[in-house]
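Let me begin by presenting the structure, written as structure tokens, before commenting on it.
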Amino acid sequence: MAGEATSIRSARWTLPVYIPAFLLFIAGLGLLTAGALEWIYADRIWPGVFIDGVDVGGLTEAEARARWEAKLPDPQRPLFTLRGPGFQQAVSLADLGARVDVSGTLQEAMQAGRGKGLASGLDRLQIWWFGRAVAPRVEVDAARLEAYLATLAAAIDRAPRDASLEIRGDRVMVHPAEAGARLDRAGLRVRLLEALSTLQPQTIDLPVETVPPALTNVEPARTQLSQWLQGPIRLIVPTGTLTVPLSLPEVGPWELSPTDLARMITVVRVDSPAPHLEARLEEDRLLEWLTPITETLQADPVDARFVFDEARRRLVPIAPSRWGYRVEITATVTRIRESLSMPTREVPIALKLIPPRYPETMTAEALGITGLIAQATTNFKGSPPPRVRNIALGASRMHGVVVPPGEVFSFNAHLGDVSVDTGFEEALIIFNGRTIRGVGGGLCQVSTTLFRAAFFGGFPIEERWPHAYRVGWYERTFGPGLDAAIFSPYADFKFRNDRETPILIVAEVDPEAGTLTFKIYGSDDGRKVTVEGPFVSNIVPHGPPVYEEDPTLPKGKVVQVDWAVDGADVLVKRKVEKDGQILYEDRVFTRYQPWRAVFKVGTEEP
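Counting in the numbering used here, the sequence shown runs from 1 upward without gaps.
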């Protein structure tokens with residue numbers, strides 16, 4: 001028994017001695033194996049390494065390159081499919097500016113498990129048992145990628161369309177709002193870079209954002225437009241509402257149709273306080289339509305005409321005054337605008353009434369007219385009847401006119417149209433260097449007489465034209481040098497009332513005596529008029545008579561159409577004084593041309 005106990009004790013102490021030896025053996029074997037594997041795979045990729053799903057473990061770099069490149073996608077061929085609402089596009093690596101870094105990726109694969117120390121060994125064991133995936137390295141040209149994203153966005157992005165209104169004829173059309181679309185470039189960039197890390201064909205959903213329209217409700221504006229275009233607008237002359245008697249022409253009504261009105265309306269967007277549409281009436285277009293109407297509805301006021309009763313020293317009206325009127329554009333446009341929203345579409349035109357300056361109720365005291373301040377008379381005895389009638393008619397156009405202080409009196413403005421239609425007849429006139437028959441012959445007798453009255457009254461002469469040659473009619477009472485030729489509307493006679501009160505022009509025609517007198521009534525302001533002349537010089541004898549053949553006259557008949565008169569220079573001086581001061585000094589100079597007698601000789605055969 002004692003011997004058995006000794007044997008067991010010896011075994012217990014011997015087993016621990018072999019355990020370290022075993023471990024040393026295992027460690028040595030591991031080191032030997034690791035060294036062998038290190039030597040075997042010194043120029044090869046460690047087993048268990050994969051690139052983009054391709055097993056390259058145990059291969060040299062060249063072998064791995066050949067195996068992997070065989071499975072790499074063609075850079076020019078589509079790799080990904082981009083998909084969005086109503087959109088699909090294939091895209092390649094080249095499109096994205098992407099390039100696979102084969103060498104860099106293989107270098108990373110070669111370095112897998114090649115560290116030093118215990119950690120490196122554990123890393124190799126992990127690769128051996130579990131494998132190691134190496135992601136392909138992809139380089140991206142950022143500028144090229146951004147350019148592609150910009151091009152893609154241009155194809156996908158769509159601005160939202162606000163609701164709008166369109167007027168076609170007299171109809172209102174509604175165009176509903178549409179949402180827009182916008183590509184999320186940043187989001188798509190992330191998705192593309194993720195896809196490039198795998199190099200696997202796949203479909204990528206485009207991140208497209210919906211852009212809502214700012215304006216969706218146009219119903220208020222549509223209702224407004226429909227009301228505006230519900231029917232025509234009729235403009236009428238407001239004869240029944242006038243406060244003064246007017247002689248209005250029988251014109252109108254004028255109808256503004258819905259179609260014409262629609263052309264004057266624009267629809268505009270207003271962003272405050274919230275986006276909405278408003279209909280606006282374009283006044284400039286409405287004014288174009290109104291202009292012809294305003295031209296038919298306008299008249300200047302007419303002052304009453306008077307004579308002065310010298311015995312009673314009072315004014316006696318001989319012609320009534322008339323109110324003038326104009327279309328008030330602003331008020332009329334306002335009325336039209338207001339009618340757009342009203343069931344009643346009949347609009348009275350707004351008229352501005354213009355009172356006469358001098359109604360028939362005006363008194364001499366109110367005007368400051370106290371008596372006669374100037375007059376002149378010329379003689380037309382022996383004039384043919386047409387000339388006499390023209391003189392009487394022309395003088396009547398000036399008779400009874402009141403000229404306000406500071407105003408320039410125009411002979412032609414008061415004379416008006418000179419034609420057969422206005423009552424004038426043909427008589428001899430000077431025209432284009434010849435004495436011929438023309439409508440209104442004799443009117444220069446009227447202008448000459450009024451010119452002299454104004455001249456002798458000390459009024460400033462604003463415009464005066466002499467005749468081409470001396471005319472005997474005008475030299476019977478004064479002599480040459482104070483004639484005034486008129487030829488409407490070119491040559492006019494004008495003078496200015498420079499007094500502080502109005503003046504009254506009165507014409508007196510005596511056909512039997514052959515005299516025309518103009519009297520100017522006003523307030524004597526103490527002015528003194530001194531006239532010197534006429535001074536005649538440089539007399540140029542007229543030439544021999546001229547005989548001209550006239551096929552309209554019987555052969556042998558001779559008719560005189562121009563009368564000879566010598567030419568001359570004539571000077572008339574005037575000095576106007578007041579309160580010892582000289583107001584004006586005039587030198588009226590006229591150079592009359594010599595005039596030859598002209599005879600028409602008939603050549604017509606019997």
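Using N, Cα and C, we set each Cβ at its ideal position, and we do this for glycine too.
Could you check whether the segment 374-387 touches the segment 488-502, counting it as contact only if at least three pairs of C-beta atoms, one from each stretch, sit closer than 8 Å? no
Based on the DSSP output, what are the partners of H414 in its beta bridges? Within the sequence shown, numbered from 1, the residue matching residue 414 stands at position 414. None; H414 has no bridge partner.
When burial is assigned at 16 or more other CB atoms within 10 Å of the CB, is L125 buried or exposed? Walking along the sequence shown from the start, residue 125 turns up at place 125. Answer is exposed; the Cβ neighbour count stays below 16.
Check whether the Cβ atoms of S383 and F411 sit closer than 7 Å, and answer yes or no. The count along the sequence shown starts at 1 and reaches residue 383 at position 383. The count along the sequence shown starts at 1 and reaches residue 411 at position 411. It is not a contact, given that the beta carbons lie outside the stated cut-off.
Could you tell me which uninterrupted alpha helix (DSSP H) segments, each at least 4 residues in length, are contained entirely in the segment 164-244, listed from first to last along the chain? 185-196 and 219-228
Contact under 7 Å by Cβ, A221 with A279: Along the sequence shown, read from residue 1 onward, the residue named residue 221 stands at position 221. Along the sequence shown, read from residue 1 onward, the residue named residue 279 stands at position 279. Yes, these two residues count as a Cβ contact at 7 Å.
Unbroken alpha helix (DSSP H) run spanning D260, endpoints: Along the sequence shown, read from residue 1 onward, the residue named residue 260 stands at position 260. From DSSP, the alpha helix (DSSP H) with D260 extends over P258 to A262.
When you compare only the Cα positions, how much space is there between G3 and G48? As a position in the sequence shown, residue 3 is number 3, starting the count at 1. As a position in the sequence shown, residue 48 is number 48, starting the count at 1. Unreliable positioning characterises G3 in this predicted model, as indicated by a pLDDT of 43, which lies under 50. The coordinate reading is nonetheless provided below. Distance between the alpha carbons of G3 and G48 is about 59 Å.
Three or more C-beta pairs below 8 Å linking the segment 75-82 and the segment 198-210: yes
Please determine, among E500, E577, A507 and P466, the residue with the shortest C-alpha to C-alpha distance to V588. Counted from its first residue, the sequence shown places residue 588 at position 588. With distances taken between Cα atoms, V588 lies closest to P466.
Is I51 close to the ligand MN? I mean its beta-carbon at under 6 Å from any heavy atom of the ligand. Inclusion of the ligand MN in the displayed structure is not the case, the ligand content being empty and no account of it being possible.
CB-CB under 6 Å to L31, same chain, minus the five flanking residues each way: which ones, in chain order? Here residue 31 corresponds to residue number 31 of the sequence shown, with the count starting at 1. For L31, the predicted model reports a pLDDT of 48, less than 50, meaning its position is unreliable; a value from the coordinates is still stated below. Same-chain partners within the cutoff: there are none.
Quick one: give me the first and last residue of the beta strand (DSSP E) that Y592 is part of. Locating residue 592 in the sequence shown gives position 592, where the first residue counts as 1. Per DSSP, Y592 belongs to the beta strand (DSSP E) from Q581 to Y592.
Beta-carbon separation (whole angstroms), A109 vs I51, contact threshold 8 Å: Here residue 109 refers to the residue found at position 109 of the sequence shown. Here residue 51 refers to the residue found at position 51 of the sequence shown. Yes, they are in contact, since the Cβ atoms of A109 and I51 sit about 6 Å apart, within 8 Å.
On the DSSP letters alone, give me the boundaries of the alpha helix (DSSP H) that Q88 sits inside. On the sequence shown, position 88 is the one that residue 88 refers to. Element bounds for Q88: not the alpha helix (DSSP H) but the beta strand (DSSP E), F87 to S92.
Would you call the segment 263-278 and the segment 315-334 touching, i.e. three or more CB-CB distances under 8 Å? no
Please report how far the alpha carbon of G406 lies from the alpha carbon of L297, in whole angstroms. Within the sequence shown, the letter at position 406 stands for residue 406. Within the sequence shown, the letter at position 297 stands for residue 297. C-alpha separation (whole angstroms): 29 Å.
Where does the unbroken alpha helix (DSSP H) through R65 begin, and where does it stop? As a first step, residue 65 is located in the sequence shown; it is residue number 65 there, counting from the start. First-last of the alpha helix (DSSP H) with R65: E61 to K71.
So which of L235, M173, S197 and T60 has the shortest CA-CA distance to E219? Against the sequence shown, residue 219 aligns to sequence position 219. Of the listed residues, the one whose Cα sits closest to E219 is M173.
Run through DSSP, which three-state label would L96 get? Taking the sequence shown and counting its residues from 1, the one referred to as residue 96 is at position 96. Annotated three-state conformation of L96 is coil, per DSSP.
Stretch pair the segment 344-351 + the segment 471-491: three plus CB contacts closer than 8 Å: no
In the DSSP output, what is K319 paired with across the bridge? As a first step, residue 319 must be located in the sequence shown, where it is residue number 319. For clarity, residue 319 is Ala in the given sequence; the question names Lys instead. DSSP lists R305 as partners of A319.
Rounded to whole angstroms, what's the CA-CA distance from G533 to L583? Just pull it up for me. Stepping through the sequence shown from its first residue, residue 533 is reached at position 533. Stepping through the sequence shown from its first residue, residue 583 is reached at position 583. G533 and L583: Cα-Cα distance of roughly 19 Å.
Starting from N379, follow its DSSP beta bridges and name the residues at the other end. By 1-based counting over the sequence shown, the position of residue 379 is 379. T515, per the DSSP bridge assignment.
Distance CB(P554)-CB(E604) smaller than 7 Å: Against the sequence shown, residue 554 aligns to sequence position 554. Against the sequence shown, residue 604 aligns to sequence position 604. Contact: yes.
Measuring only the C-alpha atoms, how far is V540 from A453? Taking the first residue of the sequence shown as position 1, residue 540 is located at position 540. Taking the first residue of the sequence shown as position 1, residue 453 is located at position 453. Spanning the two alpha carbons is a distance of roughly 30 Å.
If you drop the 5 nearest sequence neighbours on each side, which residues of the same chain put their C-beta closer than 6 Å to that of V267? The sequence position of residue 267 within the sequence shown is 267, counting from 1. Answer for V267: L165, L277 and A279, listed in chain order.
Residues bridged to G522 [DSSP beta-bridge criterion]: Taking the first residue of the sequence shown as 1, we reach residue 522 at position 522. According to DSSP, G522 bridges with G371.
Nearest CA to the CA of A179: which residue from A150, L199, L256 and P213? Locating residue 179 in the sequence shown gives position 179, counting from the first residue. The option with the nearest alpha carbon to A179 is P213.
Run through the DSSP bridge pairs and tell me what F130 is partnered with. Mapped onto the sequence shown, residue 130 falls at position 130. Beta-bridge pairing links F130 to no other residue.
Would you kindly work out how many angstroms separate the C-alpha atoms of F306 and T449, rounded to a whole number? Locating residue 306 in the sequence shown gives position 306, where the first residue counts as 1. Locating residue 449 in the sequence shown gives position 449, where the first residue counts as 1. One C-alpha to the other measures close to 20 Å.
First through last residue of the alpha helix (DSSP H) which encompasses E153: The sequence position of residue 153 within the sequence shown is 153, counting from 1. Note that residue 153 is Ala in the sequence shown, not Glu. First-last of the alpha helix (DSSP H) with A153: A142 to I156.
Is DSSP giving Y469 helix, strand or coil here? Position 469 of the sequence shown, counting from 1, holds the residue named residue 469. Three-state result, Y469: coil.
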